[in-house]
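In this note's numbering, the protein residues as written are -17 to 244.
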């Protein structure tokens, strides 16, 4: 994916326009490996976008030939038991706590921590040159940025164990078949498609879209009865919004709605 700003040394590039915050991992010489500086910068950029009322959706991409080839191995080597066991405000949980949809446009290598980070995104688009995997077992560790918890909920236990115990790489077609990706896009069209989708989401009703994400993500954690009750409660909240009234009026008046998030 082409650089936004050549010779920019910031670990995460940020560009905001049309209601979209476009965040791009920027360590292309290291295949955008996640070091602590990049984790902190990405977390800060996400929380800044969350706090900005002008931003309605977020796009995450990677500079250079790859989205993210995983954790920075040298920093992983230095991790201790305490620092690994105690991780408040983890990057993955920060992403999932956002009220705004996050689209990931993934290309090239998407491995380890990069693949696990992508599981927290609301929607994943992948390029036809995508190469994904969970190779942590080859380093004597395992996918612990939420991978062992999120992937089984997405694709099932048997297929998760196959990918994680072997650490094998899978391509775009398999990712689509497994349900990890929503769409496969030609690599040279990935950024354009990612921006188009994110801009479309930015025009949607924020409260209703957040309710959709919450209900779908809770579905695997709740019994059917509890899930239906949760759904009804959120539907009641959505029915009290100005956006619900605007959506219905726009449909009756045969015009495009203008949603405000209220």
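The C-beta atom is built at its ideal place from N, Cα and C for all residues, glycine as well.
Predicted model, so just to flag it, every value in this text is computed and none were measured.
Could you give the distance in angstroms between the alpha-carbon of residue i and the alpha-carbon of residue j?
i: residue 204; j: residue 213; result: 11 Å
i: residue 54; j: residue 26; result: 19 Å
i: residue 98; j: residue 162; result: 11 Å
i: residue 132; j: residue 119; result: 17 Å
i: residue 177; j: residue 41; result: 7 Å
i: residue 73; j: residue 104; result: 15 Å
i: residue 90; j: residue 43; result: 11 Å
i: residue 51; j: residue 231; result: 47 Å
i: residue 76; j: residue 24; result: 10 Å
i: residue 102; j: residue 5; result: 15 Å
i: residue 114; j: residue 168; result: 16 Å
i: residue 216; j: residue 209; result: 11 Å
Closest by CA to residue i, which one among the options?
i: residue 34; options: 171, 195, 165, 1; result: 1
i: residue 112; options: 48, 147, 135, 8; result: 48
i: residue -8; options: 106, 45, 37; result: 45
i: residue 130; options: 121, 95, 107, 108; result: 95
i: residue 185; options: 152, 106, 165, 225; result: 225
i: residue 3; options: 195, 92, 170, 39; result: 39
i: residue 155; options: 190, 109, 182; result: 109
i: residue -2; options: 17, 13, 28, 22; result: 28
i: residue 187; options: 168, 149, 222, 151; result: 222
i: residue 140; options: 160, 77, 76, 128; result: 160
i: residue 14; options: 93, 32, 31; result: 93
i: residue 78; options: 127, 88, 147, 134; result: 127
Just verifying my parser: in three-state terms, what is the DSSP assignment at residue i?
i: residue 162; result: coil
i: residue 86; result: strand
i: residue 242; result: coil
i: residue 43; result: strand
i: residue 220; result: helix
i: residue 73; result: helix
i: residue 106; result: strand
i: residue 228; result: helix
i: residue 208; result: helix
Cβ of residue i within 7 Å of any heavy atom in the ligand ADP?
i: residue 90; result: The ligand ADP is not part of this structure, which contains no ligands at all.
In this structure, what does DSSP give as the bridge partners for residue i?
i: residue 113; result: 91, 153
i: residue 53; result: 16
- Item | Length-filtered (3 minimum) beta strand (DSSP E) runs lying within the segment -10 to 20 | Correct list: -6 to -1, 2 to 7.
- Task: Please list the segments of the alpha helix (DSSP H) lying wholly inside the segment 138 to 196, counting only runs of 4 or more residues, in order along the chain.
- Result: 139 to 148, 154 to 160, 172 to 184
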